[in-house]
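Residue numbers (our numbering): 56 to 330.
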């Protein structure tokens, strides 16, 4: 029988670990929404700057971003199986160095990746140029600002490994709902907030196994599935599927399951029909 370890440890440096509620630190493996906090918006420029320092490592398969490269085929298959993305207009929010955005473009989607980490976007653009990836563009803009500019413009919106790093996840989810077309799909992935998640994703990954630098996660920013479901309902998104994402750190094997106690993903749909 193979050992089962429920957590997928995706978050590189350097968030402060604060065990408690109502904390205000943010930013994990993807960096987002820089201007946002400076104008009462949804981000922290100091944390964003830390992630900009890692920009050159996004496509290094042995770097802090290795887990993202390892799970990317799995999450891409899951997204495409629910909402086929070929010939569709897709938005990847908090795209970072473009790991998911690039792979969706290679599936035939017309992809826009957005982020507020300018250095990461430059890395994404350079990688697309060097790899010859067609159909992907990158832009430095927040989800909320793009929603005001281009409402109802995308067939599919992805927001992966981001929500647990922003002060106001409900604001991002509302922007996602505004950006997607009626009948379109919005995909989220994040990490649960409970003792198991704390022990695996923080204590285990950071302090025991050393898979991530200590202080990568902030427990108070983790999001329970019930909370995420509530945010989605408030934004007018219907929850269609929930999947857990599990990991065996000894074999580095990842798989989808019904266990949402640590990492999990939501597939949501905006009511209506696509024309």
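Using N, Cα and C, we set each Cβ at its ideal position, and we do this for glycine too.
Classification of residue i by the beta-carbon crowding that lies within 10 angstroms, buried from 16 upward
i           : result
residue 128 : exposed
residue 91  : Residue confidence for residue 91 is low, a pLDDT of 35 falling below 50, so the modelled location carries little weight and cannot support an answer.
residue 224 : buried
residue 97  : buried
residue 262 : exposed
residue 93  : Since pLDDT at residue 93 reaches only 36, below the 50 mark, its modelled position is unreliable, and the value read off the structure follows with that caveat. So residue 93 ends up on the exposed side.
residue 306 : exposed
residue 283 : buried
residue 250 : exposed
Residues that residue i bridges to, as DSSP identifies them
i           : result
residue 140 : Note: residue 140 sits in no beta bridge, so no partner.
residue 318 : 246 and 300
residue 169 : 148 and 194
residue 240 : 211 and 324
residue 308 : 303
residue 294 : 323
residue 263 : BP columns for residue 263 are empty, so no partner.
residue 235 : 209
Best match in the options for proximity to residue i [C-alpha to C-alpha]
i           : options               : result
residue 319 : 278, 306 and 285      : 278
residue 217 : 329, 198 and 165      : 198
residue 241 : 204, 248 and 233      : 233
residue 110 : 256, 152, 259 and 164 : 152
residue 168 : 122, 215, 126 and 185 : 215
residue 236 : 144, 112 and 118      : 144
residue 299 : 118, 246, 251 and 146 : 246
residue 270 : 282, 326, 257 and 276 : 257
residue 289 : 231, 146, 118 and 189 : 231
residue 174 : 286, 112 and 283      : 112
residue 207 : 219, 222 and 229      : 229
residue 121 : 137, 304 and 219      : 304
residue 219 : 160, 186, 166 and 280 : 280
residue 213 : 186, 180 and 138      : 138
Nearest-angstrom Cβ-Cβ length linking residue i and residue j, presumed shorter than 8 Å
i           : j           : result
residue 292 : residue 324 : 7 Å
residue 170 : residue 195 : 7 Å
residue 131 : residue 155 : 7 Å
residue 243 : residue 321 : 4 Å
residue 182 : residue 133 : Their Cβ separation, rounded to whole angstroms, is 23 Å, which puts residue 182 and residue 133 out of contact at 8 Å.
residue 149 : residue 238 : Residue 149 to residue 238, Cβ: 24 Å. No contact.
residue 140 : residue 191 : With a Cβ gap of about 12 Å, residue 140 and residue 191 do not count as contacting.
residue 147 : residue 188 : With 8 Å as the limit, residue 147 and residue 188 do not qualify as a contact, their Cβ atoms being about 13 Å apart.
Contacts around residue i, its chain only, beta-carbon distance under 8 Å, and the 5 residues preceding and following it disregarded
i           : result
residue 116 : 124
residue 78  : Only weak support is given to the placement of residue 78: the predicted model assigns it a pLDDT of 30, under 50, and the question is left unresolved by the model.
residue 162 : 131, 135, 140 and 141
residue 312 : 298, 299, 300 and 301
Contacts around residue i, its chain only, beta-carbon distance under 7 Å, and the 5 residues preceding and following it disregarded
i           : result
residue 310 : 301
residue 286 : 224, 225 and 228
residue 264 : 304
Cutoff 6 Å; reference residue i; Cβ partners in own chain excluding five residues on either side
i           : result
residue 160 : 166, 188, 190 and 191
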